[in-house]
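> Numbering-wise, my numbering comes out as the position in the sequence shown, counting from 1, plus 3.
Beta carbons are placed, not taken as given, at the ideal position from N, Cα and C, and that holds for glycine.
Quick caveat, the model's predicted, so the values are computed rather than measured.
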Amino acid sequence: MRFTHTCATAAAAVVLALTGTATAFGAASPAASADAVFLQTIHQANLAEIAAGKDAGTHANSACVKQVAAIIVRDHTALDAKGAALAKTKGIAMAKEPSAAQQQQLKALKPKNGTAAYDTAWLKDQSAGHQQALALIDKELSSGKDSQIQAAAKEARPIVAAHLKMVEGGVCHAPTESGSPQR
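Set out below in structure tokens:
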């Protein structure tokens, strides 16, 4: 029994560390379900994406990156509102801001403000972040127990996947009015 408890706690800590949320929540509570940890982790990822999108809206060099940033802010704000409401109904505590690691990652872009180097670094950060988010979503979809949290993950997946396509490989692919990507 002790081994199972230790493994479950270690697994939750790994998930939190993956996205930098461990510092915001402290050690994972043994009572925390994987579904609750998913909701907390994806919430903090949403906060980081919103902050990064707002930053790019001000400091990006290209119109393409600014357009993608606006889409990311819009979509993650909507997803997070739904996730936060769901967490509230389930009594799950949520962070108020991105983790220290997420904040530091955004701060590292500051010296590049207004340059093509900013755009490249921002796109690479977004690509990595959206890949991590998709991995978390896929894990929730395959092994989550709470049907409402799984439904939220299912709703978020195509949106996060679309964001990944827009930033994949550190290259901007903003959608045009016709829906095809622009570069």
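Got a sec? Which residues, its chain only, sit under 6 Å from D122 by beta carbon, not counting five neighbours each side?
Result list for D122: A63, N64, S65 and V68, in chain order.
> So, for Q153: in the same chain, excluding its five sequence neighbours on each side, which residues have a beta-carbon less than 7 Å away from its beta-carbon?
If we look at Q153 and ignore the five residues flanking it on each side, its Cβ neighbours are E143, L144 and G147.
> On a Cα-Cα basis, can you pick out the residue from G173, A84, I140 and V71 that is closest to P161?
Of G173, A84, I140 and V71, the residue nearest in Cα terms is I140.
> With a CB to CB cut of under 6 Å and the five nearest residues on each side skipped, what residues in its chain are close to D78?
So the qualifying residues of the chain are I162.
> How far does the alpha helix (DSSP H) with A37 in it reach, from first residue to last?
Counting along the chain, the alpha helix (DSSP H) containing A37 begins and ends at A37 to H62.
> Enumerate in chain order the residues of its own chain whose CB-to-CB distance from N116 is below 7 Å, with the five nearest sequence positions on each side excluded.
Answer for N116: H62, listed in chain order.
> Taking DSSP as the reference, what is the three-state secondary structure of T204?
Any question about residue 204 goes unanswered here, given that the chain covers just 4 to 186.
> Roughly how far, in whole angstroms, is the beta-carbon of G94 from the beta-carbon of H46, given that I think they are within contact range, below 8 Å?
Wrong, their Cβ atoms sit about 14 Å apart, outside the cutoff.
> Between which two residues does the alpha helix (DSSP H) harbouring I74 extend?
First-last of the alpha helix (DSSP H) with I74: A66 to K93.
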